[in-house]
Each structure stands twice: as C-alpha cells, then as structure tokens.
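Written below as structure tokens is the structure these notes are about.
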Amino acid sequence: QVQLVQSGAEVKKPGASVKVSCKASGYTFTDYYMHWVRQAPGQGLEWMGWINPYSAGTNYAQKFQGRVTMTRDTSISAAYMELSRLRSDDTAVYYCARDTGSSSGAPLYYFDYWGQGTLVTVSS
Amino acid sequence: QSVLTQPPSVSGAPGQRVTLSCTGSSSNIGARYDIHWYQQLPGTAPKLLIYGNINRPSGVPDRFSGSKSGTSASLAITGLQAEDEADYYCQSYDSSLSGSGVFGGGTKLTVL
Numbered sequence: 001q002v003q004l005v006q007s008g009a010e011v012k013k014p015g016a017s018v019k020v021s022c023k024a025s026g027y028t029f030t031d032y033y034m035h036w037v038r039q040a041p042g043q044g045l046e047w048m049g050w051i052n053p054y055s056a057g058t059n060y061a062q063k064f065q066g067r068v069t070m071t072r073d074t075s076i077s078a079a080y081m082e083l084s085r086l087r088s089d090d091t092a093v094y095y096c097a098r099d100t101g102s103s104s105g106a107p108l109y110y111f112d113y114w115g116q117g118t119l120v121t122v123s124s
Numbered sequence: 001q002s003v004l005t006q007p008p009s010v011s012g013a014p015g016q017r018v019t020l021s022c023t024g025s026s027s028n029i030g031a032r033y034d035i036h037w038y039q040q041l042p043g044t045a046p047k048l049l050i051y052g053n054i055n056r057p058s059g060v061p062d063r064f065s066g067s068k069s070g071t072s073a074s075l076a077i078t079g080l081q082a083e084d085e086a087d088y089y090c091q092s093y094d095s096s097l098s099g100s101g102v103f104g105g106g107t108k109l110t111v112l
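Each protein sequence line maps, in turn, to chains A and B. Under the working numbering, the first residue of the first sequence is numbered 1, with each subsequent residue one higher. Under the working numbering, the first residue of the second sequence is numbered 1, with each subsequent residue one higher.
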C-alpha cells in the first residue's frame, strides 16, 4: 500500500531554516510528482510547489520563490522541502502529497495520497 | 485571501442534502481547469473526495457528487450523516500565477 511518512515536529527560531522529509513506499517513487502543501493553525490549505522525482525539476508558488527548495533522494525514495528565513507566520503543518499524474507528463494538481503532516513551529 | 472562494460554514440536519460552493475566475475554473474536492477531518490529512470535477475515487460513497459550471463548482452531499462533519476544500490550477495549484479557503460543514 502507498505510504508517505514524514519527519517529526520541529521548533525553529525566526530567521532559521527547516528541512522536512517525506519517505515514500508502496509505489515507484520516480513515477509521480510530489507536492508540498501547508496549513497554518486554524487556517486553510496552501499549495507550496512540486518536485518531479524523476527529473528533479521543480515549480514553486510565487509566494515562496527564493525561500523554498524542494529536493529528492531517489536511492531512499524520499522528498524534502526546505524553507529558509523562517518567520512566525510560517508556523504550520507541512504536508507532502502525491500527484496522480505521471512524472513523464504534466502534473495533474490533485493528490491521492498525503503524508501525516509535520508541525513546524517558529518562535523566539 | 484565497484564489477560490468558499463559504466559511454550511450546516444541515441528518438525512438532508447540502451544497458547498466554490467560486473562481477566468484564470482557473473559468479557464476549464478541473476542480477537485477534499474532506479533512479534525487532526488528519485531507482526503481526496472528488477529482476531475465529477469523479469519485474508489471507496467514496455516491452520496458525494461534484459539478462545475462557468467559473463556479459545487459539491453536493445527500443523506447527510454525522460522520460528514468536516472541513471541505476545493482545489484547481491557476494560470495567472506562473502556473500554480490553488485551494479555496475551506467550508466547515456542521451536521446539526
């Protein structure tokens, strides 16, 4: 069965960086795009961007350009999302989510499997 | 401010039918990009409910149905049950923001 297992909760100070991991199993990791979505406490979902695990190509939401980096390690079927220059309003649960579209084509921008979420708290 | 607009809350009694709306613009829903819906129970990750405007993933009851017209989309839930109480999000693609995924702000469904 498909599973996305994320790394544990993090507490960071403003200005620091955080790197969240998402380990995939139950399917061929390089076959599907992986997206990152965040949710601030009590708020809605916010799309951050995607990575193509096959090509390592990325597309980031304009809001996060210059601050976010998405990478992958195909040897261990893991995707990573690093966010730098953290602010208090970056406090959120960060999810990885698998696109249903094949990595050999375009992403379809809807997600059939989600990680369990990683809470990142930014506080001085 | 979300690119897709959803009412903050909707309520209905058990057994009733409710409709959740999602309004976009000419750069997303109106540009014929598909709408997808997710259900999020408290403390859990979102779950795909409807994809490609009208399609249900395996395991989703046929009480849930989606539709789309012009720059708007709707999620209908019939035979409302207590377990349907959750947050519901619509999602699409927007071509005006260098190409990006966009979500609605979410609707909290309360079963009375």
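Just so you know, even glycine gets a beta-carbon here, dropped at the ideal spot from N, CA and C. Quick caveat: nothing in here was measured; it's all calculated off a predicted structure.
Skipping 5 residues on each side, what residues in its chain have a beta carbon closer than 7 angstroms to that of residue i?
| i | result |
| --- | --- |
| residue 10 (chain B) | 18, 20, 107 and 109 |
| residue 61 (chain A) | 47, 48 and 49 |
Taking Cβ to Cβ, would you say residue i is nearer than 8 angstroms to residue j?
| i | j | result |
| --- | --- | --- |
| residue 66 (chain B) | residue 54 (chain B) | yes |
| residue 83 (chain A) | residue 68 (chain A) | yes |
| residue 103 (chain B) | residue 88 (chain B) | no |
| residue 4 (chain B) | residue 92 (chain B) | yes |
| residue 137 (chain A) | residue 114 (chain A) | The structure shown does not extend to residue 137 (chain A), since chain A is modelled only from 1 through 124, so no value can be given for it. |
| residue 117 (chain A) | residue 33 (chain A) | no |
| residue 6 (chain A) | residue 25 (chain A) | no |
| residue 15 (chain A) | residue 86 (chain A) | yes |
| residue 103 (chain A) | residue 13 (chain A) | no |
| residue 97 (chain A) | residue 23 (chain A) | no |
| residue 66 (chain A) | residue 58 (chain A) | no |
| residue 86 (chain B) | residue 40 (chain B) | yes |
| residue 79 (chain B) | residue 56 (chain B) | no |
| residue 112 (chain A) | residue 48 (chain B) | yes |
| residue 112 (chain B) | residue 13 (chain B) | yes |
Along the beta strand (DSSP E) that carries residue i, what are the first and last residues, could you check?
| i | result |
| --- | --- |
| residue 29 (chain B) | Taken as a continuous stretch (DSSP letters only), residue 29 (chain B) belongs to no beta strand (DSSP E), as it is neither H nor E. |
| residue 92 (chain B) | 86-94 |
| residue 126 (chain A) | A question about residue 126 (chain A) goes unanswered here, because the residues of chain A that appear run from 1 up to 124. |
| residue 63 (chain A) | Careful: residue 63 (chain A) lies outside any beta strand (DSSP E) and carries neither H nor E. |
| residue 66 (chain B) | 64-69 |
| residue 112 (chain B) | Note, residue 112 (chain B): premise wrong, no beta strand (DSSP E); not H, not E. |
| residue 76 (chain B) | 72-77 |
| residue 6 (chain A) | 3-6 |
| residue 18 (chain B) | 18-23 |
| residue 56 (chain B) | That residue, residue 56 (chain B), is in no beta strand (DSSP E); it is neither H nor E in DSSP. |
| residue 29 (chain A) | It is not in any beta strand (DSSP E) - residue 29 (chain A) carries neither H nor E in the DSSP assignment. |
| residue 50 (chain B) | 47-50 |
| residue 54 (chain A) | It is not in any beta strand (DSSP E) - residue 54 (chain A) carries neither H nor E in the DSSP assignment. |
Between the Cα of residue i and the Cα atoms of the options, which residue gives the shortest distance?
| i | options | result |
| --- | --- | --- |
| residue 73 (chain A) | A:122, A:104 and A:21 | A:21 |
| residue 52 (chain B) | B:6, B:1 and B:74 | B:74 |
| residue 46 (chain B) | A:51, A:52 and A:39 | A:39 |
| residue 53 (chain A) | A:41, A:105 and A:10 | A:105 |
| residue 7 (chain B) | B:72, B:112, B:42 and B:96 | B:72 |
| residue 22 (chain B) | B:37, B:31 and B:58 | B:37 |
| residue 127 (chain B) | B:25, B:12, B:13 and B:1 | Since the first residue shown for chain B is 1 and the last is 112, residue 127 (chain B) is missing from the structure and cannot be characterised. |
For residue i, which residues in the same chain have their Cβ closer than 6 angstroms to its Cβ, ignoring the five residues on either side in sequence?
| i | result |
| --- | --- |
| residue 90 (chain A) | 122 |
| residue 94 (chain B) | 3, 27, 28, 100 and 102 |
| residue 34 (chain B) | 52 and 53 |
Within 7 angstroms: the Cβ of residue i and any heavy atom of the ligand GDP?
| i | result |
| --- | --- |
| residue 46 (chain B) | No copy of the ligand GDP appears in this structure; indeed no ligand is present at all. |
Which residues in chain D have a C-beta closer than 7 angstroms to the C-beta of residue i? List them in chain order.
| i | result |
| --- | --- |
| residue 95 (chain A) | No chain D is part of this structure, whose protein chains are labelled A and B. |
Fill in: Interface positions of the segment 99-122 of chain A facing chain B (Cβ-Cβ less than 9 angstroms), listed along the chain
Within the segment 99-122 of chain A, the residues whose Cβ lies closer than 9 angstroms to some Cβ of chain B are 100, 107, 108, 109, 110, 111, 112, 113, 114, 115, 116 and 117, listed in chain order.
Practice prompt. Quick one: which residues of the segment 32-47 of chain A get their C-beta closer than 9 angstroms to a C-beta of chain B? List them in chain order.
Written response: 35, 37, 39, 43, 44, 45, 46 and 47
Fill in: Contacting positions in the segment 13-25 of chain A - beta carbon closer than 7 angstroms to chain B
none
Practice prompt. Give, in chain order, every residue of the segment 85-105 of chain B whose Cβ lies closer than 9 angstroms to some Cβ of chain A.
Written response: 87, 89, 91, 92, 93, 97, 98, 99, 100, 101, 102, 103, 104 and 105
Worksheet entry | chain B contacts from the segment 52-70 of chain A (Cβ-Cβ distance under 8 angstroms) | Taken in chain order, the members of the segment 52-70 of chain A whose beta-carbon sits within less than 8 angstroms of a beta-carbon on chain B are 59, 61 and 62.
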